[in-house]
Amino acid sequence: MEFIDLKSQYLASRELINSRIQAVLDHGQYILGPEVAELEARLAARTGARHCITVSSGTEALIIALMALGIKAGDEVITTPFSFIAAAEAVMLVGATPVFADVEAATGNIDARLVAERITPRTRAILPVSLYGQPADMDAINAIAEPYGIAVIEDAAQSFGATYRGRQSCHLSTIGCTSFFPSKPLGCYGDGGALFTDDDTLAQAMREIRVHGQSHRYVHARLGVGGRMDTLQCAVVLAKLERFEWEVGQRQRAAATYDALLRHHIPVLAVRNDRSSVHAQYTVLVDDRERVRGELAAAGIPTAVHYPVPIHRQAAYAHLAPDAYPVAEGLARRVLSLPMGPFLDNAGVQRVAMALLQACRQTGGALPAVTTDAVAPAPAAAAVAAVAAASATASTCATTVTPAATS
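Residue numbers (the numbering used here): 136 to 542.
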């Protein structure tokens with residue numbers, strides 16, 4: 136079993152991917168070739184944003200967004216302490232200071248209720264991360280920012296394709312940023328990313344910044360970076376876009392099946408009722424995580440931890456945050472991500488769920504056998520009942536149960 140099965144994804148779209156790559160090799164425009172503009176137009180149309188600017192990575196997208204907003208030394212940016220390091224890293228790289236607000240226990244996303252109290256006269260932006268494939272509470276965050284004239288940058292590296300109150304992630308704030316790292320729901324075969332905005336002035340600034348600040352060839356209007364997404368990677372994403380809606384649906388099917396098998400027995404991070412998730416990860420909470428991971432590995436099931444150390448506890452950032460962020464720290468001790476992807480079938484989901492529940496049991500003994508057809512395309516009551524019987528003693532993992540969906 137693969138944690139993310141990129142090989143099957145390639146095989147399903149091999150002809151289209153190969154054709155797209157061959158077209159680039161044939162025309163030879165490896166930088167800013169026609170596929171770049173084509174992808175930008177497709178992504179803008181899909182999200183509803185006026186502008187899409189492709190760049191060399193999701194991290195570069197964050198840096199370019201901050202630079203376009205003029206954020207610099209002496210400024211503060213409010214962000215999450217529980218995420219991949221890139222959000223805080225980008226803030227530091229432009230000379231500004233990350234200011235952390237703790238996260239929601241139910242989702243892992245930044246807690247909008249705590250953002251307002253972190254605003255100071257030096258706050259220039261709020262940078263929420265849409266964690267695990269689900270947007271943060273963007274309307275609440277925008278409402279906090281607006282009276283102060285503060286920009287909001289959505290780090291949607293994990294959530295392209297997700298929705299919030301019927302609107303697309305990446306088009307929920309001043310600027311949206313995403314990543315096409317290979318493991319993302321929409322990934323390329325290297326590094327890549329994109330920025331989204333409705334603001335014409337910001338879009339022009341971001342286009343200039345990604346090519347060393349050039350307004351015209353060899354005319355440098357501003358400080359910039361070498362941040363272009365190459366044509367080959369754009370071609371790969373164009374090919375993958377053709378199956379993206381189907382793949383998102385399959386991720387949601389796998390997540391719904393996990394939910395049905397697990398949510399009444401161990402804590403599962405929630406998807407809020409007013410939004411959808413693309414399930415970049417499917418994450419549960421367990422105690423004694425390393426033992427559980429070891430038992431799953433022995434059963435041939437890979438897992439990952441997103442993320443084991445909160446950002447404010449990392450050595451490079453510890454001086455910024457003397458305060459503890461208890462929810463972030465609690466999640467970091469317990470989160471465990473399970474195999475996820477569009478090619479993980481219901482039998483595979485059931486295998487993972489059964490092994491996880493067995494690993495969480497306090498007592499020994501085998502679980503009752505459940506046939507692979509017990510899980511239907513939509514989660515089946517029979518499968519839920521079978522696992523429920525097996526998991527009555529799964530209390531090792533079941534402290535502080537989080538609902539699978541909340542309003």
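All residues carry an ideal CB built from backbone N, CA and C; glycine is no exception.
If you're wondering where the values come from, they're calculated on a predicted model, not measured in any experiment.
The shortest CA-to-CA distance from I156 to any of V250, L367 and G361 is the one to L367.
Between A223 and I446, the beta carbon gap of about 5 Å places them in contact (Cβ cut-off 8 Å). Boundaries for F138: no beta strand (DSSP E) harbours it, and the DSSP string shows neither H nor E there.
Y442 sits away from D237, with the two beta carbons spaced by 8 Å or more. DSSP lists H355 as the bridge partner or partners of Q349.
For the options A395, V440, D334 and G327, the alpha carbon positioned closest to that of M364 is the one of G327. Taken through DSSP and simplified to helix, strand or coil, I276 comes out as helix.
Selection S148, T332, M136 and I285 evaluated against L178 yields T332 as nearest (Cα-Cα). Distances from the alpha-carbon of S192 to those of R253, T418 and R345 put R345 closest.
Within the DSSP bridge table, the entry for V470 names L420 as partners. DSSP, reduced to helix, strand and coil, places E425 within a helical segment of the structure shown. The alpha-carbon of A280 is positioned some 10 Å away from that of S308.
Here E195 carries a helix assignment [DSSP, helix/strand/coil]. E289 has G311 as its beta-bridge partners, per DSSP. Cβ atoms of L455 and P233 come within 8 Å of each other, at about 6 Å. Cβ-Cβ distances below 7 Å link M227 to P233 in the same chain, with the five nearest sequence neighbours on each side left out; the list follows chain order. With contact defined as three or more Cβ pairs closer than 8 Å, the stretch 460-480 and the stretch 424-439 are in contact.
The criterion of a C-beta distance shorter than 8 Å is satisfied by T258 and I285. Counting along the chain, L373 sits inside the alpha helix (DSSP H) bounded by residues T366 to L376. By the Cβ criterion, the stretch 477-493 is in contact with the stretch 378-386, since at least three pairs of Cβ atoms, one from each stretch, lie closer than 8 Å.
Within the same chain, and ignoring the five residues on either side of R428 in sequence, the residues whose Cβ sits closer than 6 Å to its Cβ are T438.
Counted as a single uninterrupted DSSP element, the alpha helix (DSSP H) harbouring I344 occupies residues D335 to I344.
With fewer than 16 other Cβ atoms from the protein chains shown falling within 10 Å of its own Cβ, V354 counts as exposed.
DSSP places Q164 in the coil class of the three-state scheme, outside both helix and strand. Around the CB of L330, 16 or more other CB atoms lie within 10 Å, so the residue is classed as buried.
Between D290 and S265, the C-beta gap is smaller than 8 Å, which places the two residues in contact.
Taking a contact to require three or more Cβ pairs closer than 8 Å, the stretch 292-305 and the stretch 162-170 do not qualify as touching.
A direct Cα-to-Cα measurement between I261 and T214 gives close to 6 Å.
Per DSSP, reduced to three states, the secondary structure at H186 is strand. Annotation: the continuous beta strand (DSSP E) that includes F235 extends over T232 to F235. About 16 Å separates the beta carbons of P317 and L174, which is beyond the 8 Å limit, so they are not a contact pair. Going by DSSP, T392 is part of the alpha helix (DSSP H) stretching over F379 to L397.
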